[in-house]
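For reference, the structure is listed below as structure tokens.
4 protein chains.
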Amino acid sequence: MAGNTFGTVLRLTTFGESHGKGLGGVLDGCPAGLRLDLEAIQHQLDRRRPGQSAIVTQRKEADQVEFFSGLFEGVTTGTPIGFLVSNQDQKSHDYSHIADSYRPSHADYVYDQKYGFRDYRGGGRSSARETVSRVVGGSIARQLLPGVTFQAYVSQVGNLRLEKPHSELDLSLTETNDVRCPDPEMAARMEAYIRQVRKEGDTIGGVVSCVIRNVPVGLGEPVFDKLHARLGQAMLSINAVKGFEYGSGFDGVCMKGSEHNDAYNADGTTKTNHSGGVQGGISNGMDVYFRVAFKPVATLLQAYESIDKAGNPVQVQGKGRHDPCVVPRAVPIVEAMAALTLADLALLARLSKL
Amino acid sequence: MAGNTFGTVLRLTTFGESHGKGLGGVLDGCPAGLRLDLEAIQHQLDRRRPGQSAIVTQRKEADQVEFFSGLFEGVTTGTPIGFLVSNQDQKSHDYSHIADSYRPSHADYVYDQKYGFRDYRGGGRSSARETVSRVVGGSIARQLLPGVTFQAYVSQVGNLRLEKPHSELDLSLTETNDVRCPDPEMAARMEAYIRQVRKEGDTIGGVVSCVIRNVPVGLGEPVFDKLHARLGQAMLSINAVKGFEYGSGFDGVCMKGSEHNDAYNADGTTKTNHSGGVQGGISNGMDVYFRVAFKPVATLLQAYESIDKAGNPVQVQGKGRHDPCVVPRAVPIVEAMAALTLADLALLARLSKL
Amino acid sequence: MAGNTFGTVLRLTTFGESHGKGLGGVLDGCPAGLRLDLEAIQHQLDRRRPGQSAIVTQRKEADQVEFFSGLFEGVTTGTPIGFLVSNQDQKSHDYSHIADSYRPSHADYVYDQKYGFRDYRGGGRSSARETVSRVVGGSIARQLLPGVTFQAYVSQVGNLRLEKPHSELDLSLTETNDVRCPDPEMAARMEAYIRQVRKEGDTIGGVVSCVIRNVPVGLGEPVFDKLHARLGQAMLSINAVKGFEYGSGFDGVCMKGSEHNDAYNADGTTKTNHSGGVQGGISNGMDVYFRVAFKPVATLLQAYESIDKAGNPVQVQGKGRHDPCVVPRAVPIVEAMAALTLADLALLARLSKL
Amino acid sequence: MAGNTFGTVLRLTTFGESHGKGLGGVLDGCPAGLRLDLEAIQHQLDRRRPGQSAIVTQRKEADQVEFFSGLFEGVTTGTPIGFLVSNQDQKSHDYSHIADSYRPSHADYVYDQKYGFRDYRGGGRSSARETVSRVVGGSIARQLLPGVTFQAYVSQVGNLRLEKPHSELDLSLTETNDVRCPDPEMAARMEAYIRQVRKEGDTIGGVVSCVIRNVPVGLGEPVFDKLHARLGQAMLSINAVKGFEYGSGFDGVCMKGSEHNDAYNADGTTKTNHSGGVQGGISNGMDVYFRVAFKPVATLLQAYESIDKAGNPVQVQGKGRHDPCVVPRAVPIVEAMAALTLADLALLARLSKL
């Protein structure tokens, strides 16, 4: 398997399966001299943790990170930062219902085809638990960009959609409810809906929006590594993501150039921001904002039809503790991947001029 | 500037500006033994070429590719393939209207900020003409995957949207009209609309859809280099792209897991394909399909307000020959980037098992 | 700090300092389906371990590797292999003699200059203990190439030099003595010499030779990633290495082409092997052999002159437990780096033809 | 073929064969704002050019470089620099003597094995003519490091060896003779020897030494990308190189630590420089110096025995115009690769601290 590293000069390499000893990673390229706020890192892990509220999976994982290297008296030394988040909730599960059968819309079938066999315990490397390492790396990346704020929030659950743009929302309210929607009334409706879906043994999709403020001008490389192209890959690499749009996004398609163009103010800022803070792949100092679509989780608590390895039809009874809707827990993951992307590009931007 | 290389083991590096001597690239990692169909490559360049129809830019460029290396008697030798597409339409343009001013929603301002100055002739490296090198590389990549078909088409121009899924369209009709929409009636409406927009000196956005058929099972690396994450970066790196979705995309957000899951047939194929041919980041053999949103081109043939380098307001009269709508010419570019992505992942897939 | 990853498609990323919690790494790109021989890995760690004989450092480290991921029922799954070798011998050392002073020919001064400060405990990341992760990765790489043998041995300690070529030595004798020299008589002289040097509180350099047999034809990429160029980087990246030569090496300089050229046998093998198994950067199936020069360890058990951070002269009394000569323990490290290099190139070679 | 790119953030990708249309490359990552001295680049090409003196190959190649991109009014724009050196001396050669036979110690046999066939004209990509692109890239890299001097010279031809260290030589004399040896008397002896060897239809090896002065402290990444490891790969990737040593090199093996250690002066410089300007993989500000061993060229102007593709013995009469000794023309290539290595590490060093 390749592709376990993200970044060009700030590089996060992750490892680990959901039901092995743990998940971890190595962050290489972090400059020396950063006093790490370890509590801030743990705080982000807590935001992603299972069992944190009534509407997420009730698995129990403390998700505490242990750092192996790269720090001296609390300050980064410039050497690679190795870390581990141990798996704790590993009672002897019964996986017989999935060892020989392929769950629909899971990676079971393709893993078997690609690798010849698979670690069927809990999805192995395809488990969303892999993202715990991204949250650690992303939290460090965030601290490399002290003035920049990364604020993600849930803007849609099923058909319940927050229509207001980010500029009209009070994002300080995001963490006041379990859904992580900054509009309290909409949050309540979303939460009720998620509870109902769970009761049905079903799941539902959603959208996470994110706004990044105070981005320095000049981040992003103009061709294949445009800021939004790297951000798009980052988001699409998160489990269950089906789409990414930034700035005017898919709606911008219907606009004319004369409406869409962002006229300049005298200081280089723009009067509108359909560009989403990125022009020609490079940040222009305006808010970078984007939306990420998450499909409904494939794991259901219903009986469903599937096939076994021989292609015979089998009926499987879904079990386990899973998220009825991933978006509340996806919020810190989206922020983490955004921070990793921008910190990497910020380091690269040091190299653009003599 | 970094980021001029795309791919992990099949690597395309591009160079060149729109108003320099030419644009070109190096394709490294192409296996030996492929008899290149040079006409097929030129055919793809012709599909991208300016001046090919009444609804695209009327610039004159022959866009003929010259190969410098990597071929012996028409067959790839395994060595890097260097190539150049010379710029021809270089009459002495008058750039005084942009040399000192920043066109709205162009890269002018950010280039100046990032690099300290810029090559203002025709947009330099931020010109969409850069994609000519991608079409050359993508056409070779396509020949590396002989059974796989890449079929992109225009599915939306402004508000004119083709609602039918790709499976209900006759994609052989795509090239029968200038818009490259496989529904002739819709194509006619789109073309009329584009003509009208151009008459207004304005531009309009659109969507390119693409379907890839006969994809082998097992392409894509499960974490950061998921097939759809790499495809997303590839598409978002094309000029003017604002969004990417695959399979059920943003609409999948509103579905429940029980609806969205793709039940298996006995042979491992699935009854539905909301997954878009990708599960856990790996191709499952079903059609890979996706949509790419393009904003309206920023260059208008109207007068517009802007600022100069000192921040003074200036009024600029747009000139030149530009596309009123980029999607017809974006079709071969989308296919090229898709082919580069899949060929790279197909080579990587050779390494997954002992 | 960048540069903690080695390899193109089989990629080892290492982390850890000598006096932190431990050292470890992630091996990404290992194909699925390899039944790992864990004892063989531990055996290689034991060959590198401090305290293994009377002529190496007497530090106590068990050097047991713990695997976190990438294995299922003893077989590689194709996912990244994360591992840790915990540090054990961490009694509260007194580093006051080095915290503020720069030991000659150590990395102390340059670390301070480059990073602004350093982790002065035991040399931090510049400690040779970093190579423990390479031995783990290299042992896995070795198992990916089951027919290929990697045999390194000590061929020189100070002026004591084994003149015979590898083909005239019985390499099965290498492990029969503490020096790891396959000539027992020379081994005894080397060992006596090392003991004498240690008694003087001094250190001495040496050469490790290595021969790799049964290398498949076709490994190595012809330009910057020639087999011997990658092998050279691999060896020169080991602490204390000052030189690398392969095949005829520096002696080949004095030969004429008519003497140096290796005439072919009918089966494509060659009558002589001045090429060292590599032609044009690609393995030709003959023995790959090379020599690696190690300088004398800089850490002495003598008093020495140095400077402190302010540039004031200080006299320092060397302490600690260090190797009087690194080459005996370098033997498994050389083999490990050679195996990582060849396994990576063997995977890449799968991509050379259609 | 992979491996046609050198560098981490300053990346040179080369293409081209000796008997195709030309050789060229793309230099990506060159910062904006460098006014390129094009004459200096051509000067380096002239130093490498065939036919420049009586003791090198008499092939005729003007070796003029054409730049396609990356420059605006003579200054680098930060975009990739594409270039081509056209092949001119392409009269219809007769390659029948090598098309079906394998020249000893050439890459013919391994190319056929690895790629299934080869471009037999003049060695294709394995030709030393490939280095012309390195000289272009290296000359630009050199201009990125204005204070640093790269001075290579011939220090050995066959058994004729210059024993003096670089500090006792007047390197300004290097270009005063055709051998590029800074000791005029030794140069004369070397030249006479090369003439004699050529008369015999034979070839002879040699050593190029190089000293780099005014290197900033802090270049090099401490583990796999140590300054000397990257330099070693760079040198070993040059055709015909068999060995690399820096600082005390292979001779350092015989020294004791107490002799070898470089004591500090109060300003952080060292009294001796056995380290070769590199400690722990990082430059310490002292002279970086190293030696590179070149084997005798394999192409002889004698009859020799070989085999054809079927393994039958054949006798071949060597022809063509080849260098009797490569080291005079290797001098600028060594400098170019050194400059590429250091400029890349100098850019990376901008990322080491907050």
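Protein chains in written order, with my numbering: chain A, 9 to 362; chain X, 9 to 362; chain V, 9 to 362; chain H, 9 to 362.
C-beta atoms are modelled at their ideal positions from N, C-alpha and C, and glycine is treated no differently.
Whole angstroms are fine: how far does the CA of residue j sit from the CA of residue i?
| i | j | result |
| --- | --- | --- |
| X:G3 | X:L44 | Outside the shown range of chain X, which is 9 to 362, sits residue 3 of chain X, and nothing can be said about it. |
| X:F125 | X:R188 | 38 angstroms |
| A:T184 | A:S61 | 12 angstroms |
| V:G328 | V:L92 | 25 angstroms |
| X:G289 | X:E74 | 36 angstroms |
| V:S147 | V:T85 | 17 angstroms |
| V:G37 | X:R221 | 28 angstroms |
| A:A76 | A:G32 | Contrary to the premise, residue 76 of chain A reads as Phe rather than Ala in this sequence. Those two C-alpha atoms are separated by around 10 angstroms. |
| X:Q310 | X:T211 | 10 angstroms |
| A:D295 | A:R111 | 41 angstroms |
| H:T182 | H:M198 | 13 angstroms |
| H:D71 | H:S94 | 7 angstroms |
| X:K172 | X:V342 | 20 angstroms |
| A:Y254 | A:N281 | 11 angstroms |
| V:G41 | A:R133 | 16 angstroms |
| H:L18 | H:L152 | 11 angstroms |
| X:D120 | A:N269 | 19 angstroms |
| X:L348 | X:G28 | 26 angstroms |
| X:V219 | X:P304 | 23 angstroms |
| X:S109 | X:E208 | 23 angstroms |
| A:A10 | X:L356 | 8 angstroms |
| X:V333 | X:A115 | Checking the sequence, you will find Cys at residue 333 of chain X rather than Val. Cα to Cα, the separation comes out at about 19 angstroms. |
| X:E81 | H:R238 | 36 angstroms |
| H:G326 | H:I106 | 10 angstroms |
| V:K361 | V:G226 | 11 angstroms |
Secondary structure at residue i, three-state DSSP: helix, strand or coil?
| i | result |
| --- | --- |
| X:T157 | strand |
| V:V34 | strand |
| X:Y103 | coil |
| X:E343 | helix |
| H:G213 | coil |
| H:K68 | coil |
| H:E81 | coil |
| X:T182 | helix |
| A:S360 | coil |
| A:A115 | coil |
| H:I89 | strand |
Give me the Cβ distance between residue i and residue j, rounded to the nearest whole Å; I'm assuming they're in contact under 8 angstroms.
| i | j | result |
| --- | --- | --- |
| X:S266 | A:L308 | 6 angstroms |
| X:G260 | X:R299 | X:G260 to X:R299, Cβ: 12 angstroms. No contact. |
| H:T87 | X:E25 | 7 angstroms |
_Using a Cβ-Cβ cutoff of 9 angstroms, what residues of the region 273-305 of chain X are near chain H? List them in chain order._
If you check each beta-carbon in the region 273-305 of chain X against every beta-carbon of chain H, none falls closer than 9 angstroms.
*Which residues, in order along the region 18-39 of chain V, keep a beta-carbon less than 9 angstroms from a beta-carbon of chain X?*
L18, G37 and P39
*Listed from N- to C-terminal order along the chain, which residues in the region 200-214 of chain H have their beta-carbon within a distance smaller than 9 angstroms of any beta-carbon of chain V?*
V205, E208, G209, D210, T211, I212, G213 and G214
*Would you list, in sequence order, the uninterrupted alpha helix (DSSP H) runs of no fewer than 4 residues that lie entirely inside the region 117-153 of chain V?*
Counting whole runs of 4 or more residues, the region 117-153 of chain V contains the alpha helix (DSSP H) stretches 139-151.
*asked:* For the region 171-185 of chain X, list every residue whose C-beta sits within 9 angstroms of some C-beta in chain A, in sequence order.
replied: none
*Residue ranges of each beta strand (DSSP E) run of no fewer than 3 residues wholly in the region 244-324 of chain H, ordered along the chain?*
249-254, 296-302 and 311-316
*Under 9 angstroms (Cβ pairs) to chain V, residues found in the region 122-150 of chain A*: K122, Y123, G124, F125, R126, D127, Y128, R129, G132 and R133
*Chain-ordered residues of the region 43-73 of chain X with a beta carbon less than 9 angstroms from chain V*: none
*For the region 351-362 of chain X, which residues have a beta carbon sitting closer than 9 angstroms to at least one beta carbon of chain V?*
L355, L356, R358, L359, S360, K361 and L362
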